[in-house]
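Using UniProt numbering, the first residue of the sequence shown is number 1, and each one after it goes up by one. Yeah, the Cβ is synthetic: ideal placement off N, Cα and C, and Gly gets one too.
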Amino acid sequence: MNNPQATIAPVIETQRTILRAHRIEDFDAYVAMWSDPVVTRFIGGKPRTREESWMRFLRHAGLWSLLGYGFWAIEEKATGRFVGEAGFHDLKRDMEPSIEGIPEAGWALAPAVHGSGLATEIVSRVHVWGDETFRRTKTVCIIDPENTASQNVARKCGYSEVTRTLYHDAPTILLERRP
């Protein structure tokens, strides 16, 4: 999926959000989100430090620059505030079966917007973009078996379980979506 022409995230919209490249002014809200145990419970299992958040934040520009795809910052239209991120990445994960080279979907939202249906709205829109960009290539996602909210979002967006595996010695569900 290498696309050297795309160096930053294109702007796309949903009914309630603007998905755009991460900006430096998002960083404090980004740190707040990733230091919240509610957000990290199923993603890494522990809140991130400011330094860990910075390294992850920098990764976003690199993904778009090198792969032509990545994660968008999610801006709430009504308020202009940063409320999360979603998109695709290839993190060269050390897991079996390997998902290396397959666009992997992911999403995380600030607790203030949990339960609002925003995740399904955003992930659905991200996949419209992905279907056009990846030209009928399958995508995958991995989800903690206890994260029923994300499993529901994934299923609503066309994902089905492929297998149960381990990632960093933790149980993980691998799901796949074909456009």
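Residues sharing a beta bridge with residue i, DSSP
| i | result |
| --- | --- |
| Tyr167 | Ala170 |
| His89 | Glu104 |
| residue 180 | No answer is possible for residue 180: the residues shown for the chain start at 1 and end at 179. |
| Val140 | Glu104 and Glu176 |
| Trp72 | Ala86 |
| Leu109 | Gly84 |
| Glu96 | DSSP output for Glu96 lists no bridge partner at all. |
| Ile12 | Leu19 |
Distance between beta carbons of residue j and residue i, contact taken as under 8 Å
| i | j | result |
| --- | --- | --- |
| Arg136 | Pro179 | 5 Å |
| Val140 | Leu174 | 6 Å |
| Ala110 | Met33 | 5 Å |
| Phe42 | Asp144 | 4 Å |
Pick from the options that is closest to residue i, judged by C-alpha positions
| i | options | result |
| --- | --- | --- |
| Ala108 | Arg164, Glu100 and Pro37 | Pro37 |
| Gly80 | His127, Val126, Arg23 and Phe71 | Arg23 |
| Val83 | Asp90, Ile74 and Gly70 | Ile74 |
| Arg155 | Leu58, Gly115 and Thr120 | Thr120 |
| His89 | Glu52, Gly62 and Val153 | Gly62 |
Spatial neighbours of residue i in its chain, beta-carbon cut-off 6 Å, leaving aside the 5 residues before and after
| i | result |
| --- | --- |
| Lys138 | Glu176 and Arg178 |
| Val11 | Arg20 |
| Trp129 | Ile12 |
| His168 | none |
| Cys157 | Val123, Ser124 and His127 |
| Arg164 | Ile173 |
| Ser150 | Ile143 |
Interface flag, residue i vs chain C, CB-CB below 9 Å
| i | result |
| --- | --- |
| Phe134 | In the displayed structure, chain C is absent; only one protein chain is listed. |
Start-to-end residues for the alpha helix (DSSP H) that takes in residue i
| i | result |
| --- | --- |
| Thr17 | Taken as a continuous stretch (DSSP letters only), Thr17 belongs to no alpha helix (DSSP H), being part of the beta strand (DSSP E) at Thr17 to Arg20. |
| Ile122 | Leu118 to Phe134 |
| Asn152 | Thr148 to Lys156 |
| Ser53 | Arg50 to Leu67 |
| Thr40 | Pro37 to Thr40 |
Same chain, Cβ closer than 7 Å to residue i, neighbours up to 5 away in sequence not counted
| i | result |
| --- | --- |
| Ala9 | Arg20, Ala21, Trp64, Gly70 and Trp72 |
| Asn2 | Interpretation of Asn2 is limited by its pLDDT of 49, a score under 50 that renders its predicted location unreliable; the figure taken from the coordinates is listed afterwards. Same-chain partners within the cutoff: Leu67 and Gly68. |
| Glu161 | Ile173 and Leu175 |
| Ile18 | Val11, Glu75 and Lys77 |
Close beta carbons around residue i, own chain, < 8 Å, minus the five adjacent residues each side
| i | result |
| --- | --- |
| Pro4 | Caution is warranted here: a pLDDT of 48 is assigned to Pro4, below 50, making its placement in the model unreliable, and the coordinate value is therefore given only provisionally. Around Pro4: Gly68. |
| Thr7 | Trp64 and Ser65 |
| Ala78 | Arg16 |
| Ala112 | Val83 |
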